[in-house]
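Letter 111 of the sequence shown, counting from 1, is numbered 111 in the numbering used here, and no numbers are missing.
Down below is the structure, laid out as structure tokens.
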Amino acid sequence: MNATLDPAIRLRDVHLLFGRTLALDLEHLEMRAGERVFVLGHSGSGKTTLSRLIKGRLKPSTGTVRVFGNDPTAKDSRRETQRRIAMIDQEYFLVPRLDVVDNVLHGCLGRVSPWRSYLGWYPGEEWEKAESILEEVELGGLGYRRVETLSGGQRQRTAIARALMQDADIIVADEPVSALDPELAEDALELLVECVARRGITLIVNLHQPELARRFATRFVGLANGRLVYDGSPDGFTKQHAELVYRAQPKGEMRDEQPETGTPPTASGSDLRLVGD
Ligand SMILES: Nc1ncnc2c1ncn2[C@@H]1O[C@H](COP(=O)(O)OP(=O)(O)O)[C@@H](O)[C@H]1O
Ligand SMILES: [Mg+2]
Numbered sequence: 001m002n003a004t005l006d007p008a009i010r011l012r013d014v015h016l017l018f019g020r021t022l023a024l025d026l027e028h029l030e031m032r033a034g035e036r037v038f039v040l041g042h043s044g045s046g047k048t049t050l051s052r053l054i055k056g057r058l059k060p061s062t063g064t065v066r067v068f069g070n071d072p073t074a075k076d077s078r079r080e081t082q083r084r085i086a087m088i089d090q091e092y093f094l095v096p097r098l099d100v101v102d103n104v105l106h107g108c109l110g111r112v113s114p115w116r117s118y119l120g121w122y123p124g125e126e127w128e129k130a131e132s133i134l135e136e137v138e139l140g141g142l143g144y145r146r147v148e149t150l151s152g153g154q155r156q157r158t159a160i161a162r163a164l165m166q167d168a169d170i171i172v173a174d175e176p177v178s179a180l181d182p183e184l185a186e187d188a189l190e191l192l193v194e195c196v197a198r199r200g201i202t203l204i205v206n207l208h209q210p211e212l213a214r215r216f217a218t219r220f221v222g223l224a225n226g227r228l229v230y231d232g233s234p235d236g237f238t239k240q241h242a243e244l245v246y247r248a249q250p251k252g253e254m255r256d257e258q259p260e261t262g263t264p265p266t267a268s269g270s271d272l273r274l275v276g277d
């Protein structure tokens, strides 16, 4: 397998149904190692569902999802694939009563035996790593504070630190800055992108704000009603594309018809390119 040519993530003919709701309908989507893909879309457009498919928390109703060539839900390879994908959820899911450093150390659970971690017996090198990551995310000195005493921005950076601790090849961040005010949100994204770029990690960020995403993305993926309506460079993403992505869409029932795109400025032809190709 040639790591530089094979995509890190590949979705083919994926349909994901929740009851009669078609949450995702993606014919073909690939992401390559080292890309920073920002997934844009209105609420209910399928961003979280896409993240959960990549992370292996959901199986597609039909079609295939491959991460480094493996089905992320497959029994035999699941553990290893899961270790290679870190997730930063919208809610962070930190343990509020534990110290910052304990939360960050949870990032290495994939490589430390469960009983050791249960007792808090992490190897010395993991402690050192956690301390150094805390410095990197500007939380040095706060390692022994309980998470529940932190500000929103500090919690967010704890979640970033835990994801970095995992030594993952891919970080999927689902609206990671939605709880922060705009200035803090930009700082937090900048920090995340710097840490990720330093390590060559592939980054997928679900975000509402295209203008914020523009600064950090190498590629935009636009979803509307579970369908891909843009896939291309941030520079090529025009106001018309934004309209297409953010135009109010009916939600809910399964749709048989194609989305009425008129003559949409979809990313076809010269617009459509995988950055890094
Ligand atoms: N667990 C679920 N059960 C039923 N419907 C769901 C579930 N999760 C998501 N959906 C539906 O799937 C569609 C896509 O949702 P989601 O991926 O959460 O969108 P986004 O993250 O872009 O807001 C929406 O219509 C949503 O209501
Ligand atoms: Mg969501």
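Don't be surprised by glycine CBs; every beta carbon is placed ideally from N, CA and C.
* **Under the three-state DSSP convention, the category Asn103 falls into** => helix
* To do: Flag Lys55 as yes when its Cβ comes closer than 7 Å to any non-hydrogen atom of ligand 1, and as no otherwise.
  => no
* Asked: In the DSSP assignment, what are the bridge partners of Leu134?
  -> Its beta-bridge partners do not exist; DSSP assigns none.
* To do: Could you tell me if the beta carbon of Phe18 falls within a distance shorter than 7 Å of some heavy atom in ligand 1?
  => yes
* **Residue nearest to Arg52 in terms of C-alpha spacing, selected from Glu183, Asp71 and Glu35** => Asp71
* What residue range is occupied by the uninterrupted alpha helix (DSSP H) comprising Asp231? -> No alpha helix (DSSP H) contains Asp231, which is instead part of the beta strand (DSSP E) from Arg227 to Gly232.
* Asked: Secondary structure at Thr64, three-state DSSP: helix, strand or coil?
  -> strand
* Could you say which of Val67, Gly63, Ser43 and Arg20 lies nearest to Ala339 if we only look at CA atoms? => Only positions 1 to 277 of the chain appear in the structure, and residue 339 is not among them; the question remains open.
* Sorry if obvious, but does the Cβ on Thr21 come closer than 7 Å to a heavy atom of ligand 2? -> no
* Following the continuous beta strand (DSSP E) through Leu26, name the residue where it begins and the one where it ends. => Thr21 to Met31
* Determine which residues share a DSSP beta bridge with Arg146 and list them. => Asp99
* Hey, out of Lys59, Leu228, Thr158 and Gly236, whose CA is closest to Thr218's CA? -> Gly236
* Per DSSP, which residues does Asp174 bridge with? Please list them. => Asn206
* Neighbourhood of Thr62 by C-beta distance below 6 Å, restricted to the same chain and skipping five residues each side -> His15
* Distance between Ile171 and Tyr230 (C-alpha atoms, nearest Å) -> 21 Å
* Asked: How is the beta strand (DSSP E) around His241 delimited, first residue to last?
  -> It is not in any beta strand (DSSP E) - His241 instead sits in the alpha helix (DSSP H) that spans Lys239 to Tyr246.
* Can you give the Cα-Cα distance for Glu125 and Ala188, rounded to whole angstroms? -> 27 Å
* **Reduced DSSP secondary structure (H/G/I, E/B, other) of Leu191** => helix
* Give me the Cα-Cα distance between Thr149 and Ile85, rounded to the nearest whole angstrom. => 28 Å
* According to DSSP, residues forming a beta bridge with Met87 -> Val172
* To do: For Leu11, I'd like the list of residues in its chain whose CB is within less than 6 Å of its CB, leaving aside the five on either flank, ordered along the chain.
  => Leu26, Leu29 and Val65
* Output the distance between the C-alpha atoms of Asp6 and Leu134, rounded to the nearest integer angstrom. => 33 Å
* Which of helix, strand or coil does DSSP assign to Leu274? -> Low confidence applies to Leu274: its pLDDT is 32, below 50, so where it sits in the model is not reliable, and the reading given next is rough at best. Residue state, collapsed to three classes: coil.
* Under 7 Å from any heavy atom of ligand 2, does the C-beta of Asp89 make it? -> no
* With burial defined as no fewer than 16 other Cβ atoms inside 10 Å of the residue's Cβ, what is the status of Glu257: buried or exposed? -> A caution first: Glu257 carries a pLDDT of 41, below 50, which makes its placement in the model unreliable, though a value can still be read off. Burial call: exposed.
* To do: To the nearest angstrom, report how far apart Pro114 and Val104 are at their CA atoms.
  => 15 Å
* Whose C-beta lies closer than 7 Å to the C-beta of Glu186 among residues of the same chain, with five residues either side of it excluded? -> Leu212
* Using the C-alpha atoms, what's the distance from Gly140 back to Ala130? -> 10 Å
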